[in-house]
Each structure stands twice: as structure tokens, then as C-alpha cells.
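Structure first, then comments.
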Amino acid sequence: MIKHVVFDFDGTIVDSRYLAVELLNQLAEKYRFRKLKEKEFEHFRSLSIMERCKAIHVPVYMIPIILTELRRKYQESTSHLTVFMGVKELIRGLKEKGFELSIISSNSIDNINKFLRKNNIDVFDSIYSSSNYFGKDKALNAFLRKHKLNGKDVVYIGDECRDIVACKKNNVKIISVSWGYDSIELLAKENPDFIVKNPRELFKLITLKI
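Okay, so the sequence shown: first residue is 1 according to the UniProt record's numbering, each after it adds one.
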């Protein structure tokens, strides 16, 4: 039986997609790769990370540099972002039902706490921050060990393919959401346990079906 719900932060709780594009285009000027046009964004969501880099002409050796600077710029802007429509009600509803709630993110704990307080959803039992963008499986494993949790007692909510991969490595159920960074078609290729299209559907799934 599921007792603990773990959320990804960026792209799952927080609508940060267009800020990410804006910041990426700022870096495009600095590092001389191609800017992403707004009309290209939906197609961009259907590409893997390597395909995205190829599309905007970012060489492989530059990826760690770009990600590090993008994360730094992004964290400076978190306070200006908003919660996805319906997610506040989802979080409060799950808390009222007695679920323990946590966040695992590459964002800083301080930034996350400020955002949660500002949006009146500071109801999470724990927040775990990991700086390794490609090491989410290790972050999830460390979180499970720290809180002495069994994978079967946990469900993870995320918006990216790397969330699915991390959960499979840790035998944790994954519910992928369609409103984040990766498209529903891209997510389906990784075969998550469930895919949902809105927060209301997600609430029903967690409280009634799993």
C-alpha cells in the first residue's frame, strides 16, 4: 500500500518550462549555439536530451557547462515562478488524506522552501536536494535509505524520462505527468507505471487505485 508520495519539483509542481527556454536562449548568445524559438517548444519536448542538444547545436563536451550555468541562473529566478494549475489542490488533498509527502530535486532546499511558503503549500514532510542532474537514481536510492522506506510503499511523481529510469532502478512505482518538460509520447517510450494528463486524474489514481 502506498504511504509516501515523492514529487519532482521543476516541471511537475512548478511551471518552469518557458523560463528554462528563456535562460537557454540567454546562454545561446554567450556560447554561440542556436536559440530555441517559442513555436519549436512542443516539438522540443518530444526529443531526448541528446537530440535536443543536437537540434540547437550544443556539442557534447559543452553539456555539463551549459547545465551548470542554466541551473545557477534558474535558481536565481525560482521565486518568480508559479504552480501548475490544479497542483496546489492535489498537494493539499493528498496531505488531508494522510499521505506523507516529499520532494526530490536538483533545486536548492532554500529555494524550494521559499517557493512552497509563498504559494501556501509548505506541507511537505521532507525535501531532498541532489546536484547531480544525471544521477537521479542515486538521489532516490539515498532518499529511500535515509527515510528507511521500502520501494513498494512509495510512488514517485515526475515529468521526465530520467525520473522513470531512476524509479525502475529502485523498484519504485512512477506516475508520469504530461504537463512538464517531456512530452507524453516520449514518456510512453520509457514505459512508466502510469501516465496522467491532469492533477485531478493523478489524485484519483493515488487515492483510489494504487
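Backbone N, C-alpha and C fix where the C-beta goes; we use that ideal spot for every residue, glycine too. All values reported here derive from a predicted model rather than from experimental measurement.
Comparing C-alpha distances from residue 86 to each of 121, 105, 76, 77 shows the shortest one belongs to 121. Annotated three-state conformation of residue 177 is strand, per DSSP.
Per DSSP, residue 56 lies in no beta strand (DSSP E) and is assigned neither H nor E. Residue 98 counts as exposed, since fewer than 16 other beta carbons sit within 10 angstroms of its beta carbon.
Only residues of its own chain outside the window of five on either side were considered, and among them 103, 105, 107, 112 have a CB closer than 7 Å to the CB of residue 9, listed in chain order. Residue 72 sits exposed, since fewer than 16 C-beta atoms from the chains shown fall within 10 Å of its C-beta. Of 109, 15, 142, the smallest CA-CA separation from residue 180 is found for 15.
The three-state secondary structure of residue 67, taken from DSSP, is helix.
Assignment of beta-bridge partners to residue 196 by DSSP yields 177.
According to the DSSP assignment, residue 21 belongs to the alpha helix (DSSP H) that extends over 17-31. For the region 95-126, the full-length beta strand (DSSP E) segments reaching 3 residues or more read 100-105 along the chain. For residue 185, same chain residues with a beta-carbon under 7 Å away, outside a window of 5 residues either side, are 46 in chain order. Taking a contact to require three or more Cβ pairs closer than 8 Å, the region 126-140 and the region 31-39 do not qualify as touching. The residues 90, 93, in chain order, have a CB closer than 6 Å to that of residue 203 in the same chain once the five nearest residues on each side in sequence are set aside. The straight-line gap separating the alpha-carbon atoms of residue 141 and residue 1 is approximately 19 Å.
In terms of Cβ geometry, residue 128 and residue 115 do not form a close pair [threshold 9 Å]. The shortest C-alpha to C-alpha distance from residue 27 to any of 206, 151, 58 is the one to 58. Here residue 60 is exposed, its C-beta having fewer than 16 other C-beta atoms within 10 Å.
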